[in-house]
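Novice:
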Amino acid sequence: MAQDAVVRSVDGAARTLGSRRLADLVTGAAGPRPGYRALAQGLRTLLLDGRIALHTRLPAERAFAGALGVSRATVT
951 MAQDAVVRSV DGAARTLGSR RLADLVTGAA GPRPGYRALA QGLRTLLLDG RIALHTRLPA
1011 ERAFAGALGV SRATVT
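Quick note on my numbering: the sequence shown kicks off at 951 and runs consecutively.
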């Protein structure tokens, strides 16, 4: 399975979101705030907007941090 794949169940709900795809979704909303806050706000917005389905598995922190180009502490 590709790292960036979104796996969908029979009902069409996303179950796994790849690190590169999630990084692409959350970047661009950084603004003048610490990286961890920008990341948290980006994830919150994606969930509230429905762009990340409930119960979607997020990537491992090491892979996600690597895709974002930040330390693991930022995504923990």
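Ideal placement from N, C-alpha and C gives every residue a C-beta, glycine not left out.
Along the chain, where does the alpha helix (DSSP H) containing Val1025 start, and where does it finish?
Specialist: Arg1022 to Val1025 is the extent of the alpha helix (DSSP H) around Val1025.
Novice: Are the CB atoms of Ala973 and Leu1018 nearer to each other than 7 Å?
Specialist: Going by C-beta atoms, Ala973 is nearer than 7 Å to Leu1018.
Novice: Looking at C-alpha atoms only, which residue of Val976, Arg1022 and His1005 is the closest neighbour of Arg994?
Specialist: Considering only alpha carbons, the answer is Val976.
Novice: Please list, in chain order, all residues of the same chain as Tyr986 whose beta carbon is under 7 Å from its beta carbon, the five residues on each side excluded.
Specialist: Cβ within range, chain order: Thr1024.
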